[in-house]
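Just so we're aligned, residue 605 is where the sequence shown starts under this note's numbering, counting upward by one. No residue lacks a Cβ here, since even glycine has one placed at the ideal position from N, Cα and C. The structure appears right after this line, and notes come after that.
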Amino acid sequence: MSYLAQMTFRLSAGATRFSESFCQRHAAYLIALQNPDGGFSGREGASDLYYTGFALRALALLGRLDEVAGQAAEFLSRHCGRPLPAVDFVSLILSAVLLEAAAGIDVHARAGCDRNKTLEEHLQRFRRPDGGYAKTERSGASSTYHTFLAAACLELCGNKIPEPHRLAALIRSRQRPDGGFVELDALAHSGTNPTAAAVGLLKLMGFLDESTQSQSARFLLAMQNREGGLLANTRIPTADLLSTFAGLTALADLGALSVVDAAAARRYVASLEAAEGGFRGAAWDDRPDPEYTFYGLGSLALLETDSSPLASLDPQALSKKQE
C-alpha cells in the first residue's frame with residue numbers, strides 16, 4: 605500500500621468516530637461551496653484545482669464524496685494534459701486518484717490522457733540537479749515539501765521514484781541539530797511542515813531510521829504550545845491548523861502520536877470550528893475555507909486513531925522535551 609493510501613486509511617479509520625451531526629454540518633458547508641463548473645473555490649474567485657482537492661478529500665472523510673463526484677470529475681478532466689503549476693498538478697493527480705478509488709471515475713481516461721506518462725513528464729520539469737523537485741519551474745533549488753509531493757504522487761500511481769538513495773541523502777542533509785528539517789538548504793531554522801514532509805518522504809522510500817525517528821519526534825513534540833496546536837517554527841508565537849495537521853501526521857508516522865497532549869490538541873482544533881461548518885486556519889483567522897476544513901477534520905481523525913508509540917521510542921524521554 606502506498607504512503608498516501610496508508611494515510612487515507614488512517615484518517616478514514618479515525619473519521620468513523622465522528623458523530624452524524626458533526627459530519628452533516630461540515631459536509632453541508634463543503635457541498636454548498638461547489639461551483640456550477642464542478643470545482644471549488646478558496647475564499648474568493650473561480651474554481652481552483654488546489655481548493656477542489658482539499659474539498660474532495662474532506663468530503664471523502666465525511667463519507668459524502670459521492671454527492672459531488674460527477675461534477676468534480678468534469679471539472680478535473682478539463683485540466684488534464686494542460687501545463688500547470690506544481691501544486692495544482694499534484695492536486696489534480698490526488699483528486700483524480702481519489703475519485704477513481706472512491707467513485708470509480710477515471711478522470712484522465714475521460715480526457716484521453718495517460719495519467720502515469722503525464723505525471724512523469726510533468727514532474728521532470730521541476731526536477732533539479734540535486735535530485736529533488738522545485739516549487740516552480742523558475743526555482744533554482746529543490747524544495748523539501750515539493751520533493752515529498754512528487755515522490756508521493758509517483759509512488760501512489762505506481763511509477764518509479766528516480767534515484768531514491770540520492771533523494772534520501774538530500775533530505776537527510778536538511779536535518780538540523782534540533783532534530784527538525786528545513787525547506788531549503790540555505791535555511792538554518794527547522795520548521796514543522798518541512799519536517800513532516802521529510803519524515804513522510806523517508807518513510808515512503810524505506811529510509812526512516814531509528815535516529816531520525818527519535819530526533820524528529822522530539823522536535824515535533826516541542827512544537828505543541830499552550831494553545832494545544834503546533835507551531836510552524838520556534839520564531840512564530842501562535843499555532844496554526846496546517847502545522848498542527850502536518851505535525852500530527854508526522855508523529856503518527858513516527859509512532860509518537862500518543863505522546864502528544866491529545867486533549868489540548870482537540871480543544872485547539874475545536875476552537876477553530878465555525879458554527880455553520882468548516883474550520884478557520886488559526887486564532888487570528890476570521891473565516892473557514894476548504895483547505896483548513898480538511899486540516900481540521902484530518903487532525904481530529906488522527907487524534908481518534910490508535911497510535912501507540914513504536915517500541916524503539918521511549919514516551920517518557922520524548923515527553924521531557926516538552927517540559
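query, result
"Since residue 779 sits in a beta bridge, which residues does DSSP pair it with?", "785"
"Take residue 639 and list the residues in its own chain whose beta-carbon comes closer than 7 Å to its own, dropping the five residues that flank it on each side.", "645 and 651"
"Just to confirm, are residue 734 and residue 774 a CB contact at a threshold of 7 Å?", "yes"
"Considering residue 739, what are the terminal residues of the alpha helix (DSSP H) in which it resides?", "Segment: none, residue 739 is in no alpha helix (DSSP H) and carries neither H nor E."
"Pairing CB atoms from the segment 738 to 746 with CB atoms from the segment 700 to 714, are three or more of them under 8 Å?", "no"
"Would you report the Cα separation of residue 755 and residue 899, rounded to the nearest angstrom?", "21 Å"
"Could you please give me the residues that DSSP links to residue 795 through a beta bridge?", "785"
"Are there three or more Cβ pairs, one per stretch, closer than 8 Å when the segment 810 to 817 is compared with the segment 862 to 878?", "no"
"Counting pairs of beta carbons, one from the segment 889 to 908 and one from the segment 612 to 622, are three or more of them closer than 8 Å?", "yes"
"Identify the continuous alpha helix (DSSP H) that holds residue 691 and give its terminal residues.", "690 to 707"
"How long is the line joining the alpha carbons of residue 777 and residue 806, rounded to whole angstroms?", "12 Å"
"Whole angstroms is fine: what's the gap from residue 878's alpha carbon to residue 770's?", "44 Å"
"Less than 8 Å between the CB atoms is what I'm expecting for residue 653 and residue 695, so what's the real figure, rounded?", "5 Å"
"Rounded to a whole number of angstroms, what is the C-alpha to C-alpha distance between residue 685 and residue 768?", "27 Å"
"DSSP state of residue 658, grouped into three classes?", "helix"
"Quick check on the burial criterion: 16 or more other C-beta atoms within 10 angstroms. Buried or exposed for residue 794?", "buried"
"Going by DSSP, name the residue or residues bridged to residue 877.", "883"
"For residue 908, I'd like the list of residues in its chain whose CB is within less than 7 Å of its CB, leaving aside the five on either flank, ordered along the chain.", "618 and 621"
"Measure the Cβ-Cβ separation of residue 823 and residue 783 and say whether it is below 7 Å.", "yes"
"In chain order, what are the residue ranges of uninterrupted beta strand (DSSP E) at least 3 long that sit wholly in the segment 810 to 852?", "none"
"Would the beta-carbon of residue 821 fall within 7 Å of that of residue 796?", "no"
"Straight-line CA distance for residue 848 to residue 827?", "9 Å"
"Please report the residue range of the alpha helix (DSSP H) in which residue 675 lies.", "673 to 681"
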